[in-house]
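Quick note on numbering: the numbering used here labels position 1 of the sequence shown as 244, and the sequence is numbered without any gaps.
Glycine included, C-beta positions come from ideal geometry on N, C-alpha and C.
Note that the structure is predicted; figures quoted are calculated from it, not measured.
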Amino acid sequence: MPIYNKLVRDKILEIIKDNGQKFTHKILDDKDYAKELANKLNEEVEEYKTDKNTDELADILEVIYALASLHNCTPEQLEEIREEKAKKRGGFHDKIFLIKVED
Numbered sequence: 244m245p246i247y248n249k250l251v252r253d254k255i256l257e258i259i260k261d262n263g264q265k266f267t268h269k270i271l272d273d274k275d276y277a278k279e280l281a282n283k284l285n286e287e288v289e290e291y292k293t294d295k296n297t298d299e300l301a302d303i304l305e306v307i308y309a310l311a312s313l314h315n316c317t318p319e320q321l322e323e324i325r326e327e328k329a330k331k332r333g334g335f336h337d338k339i340f341l342i343k344v345e346d
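Following this line, the structure appears as structure tokens:
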């Protein structure tokens, strides 16, 4: 019997039940939810670093949207913030790797 102790997607319990399995779970309070979302983000980033595929990127994005909602920020608002920052500071398309800055 595997022990997971991690945040899972909303339909996972239904999937487990449909597979004829039993589970133990709890609903997190807001503080623990925020903590576990941060843990989940790290988990998904590590999975992307290993697998390097768009499915993992989509998982990262899902966690980012959930984190944004903790700040009362919609995906659309988050995209607006991202666009504004890109206008002011650019993106990462030019592959610039800064070595050092001297005064």
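If the five residues before and after Ile246 are omitted, its C-beta is found closer than 7 Å to no C-beta atom of its own chain. Going by DSSP, Glu323 is part of the alpha helix (DSSP H) stretching over Pro318 to Arg332.
The C-alpha of Phe266 lies about 44 Å from the C-alpha of Glu327. Where Val306 is concerned, the enclosing alpha helix (DSSP H) starts and stops at Thr297 to Leu313. Within the segment 267–301, the complete alpha helix (DSSP H) segments at least 4 residues long are 273–294, listed from N- to C-terminus.
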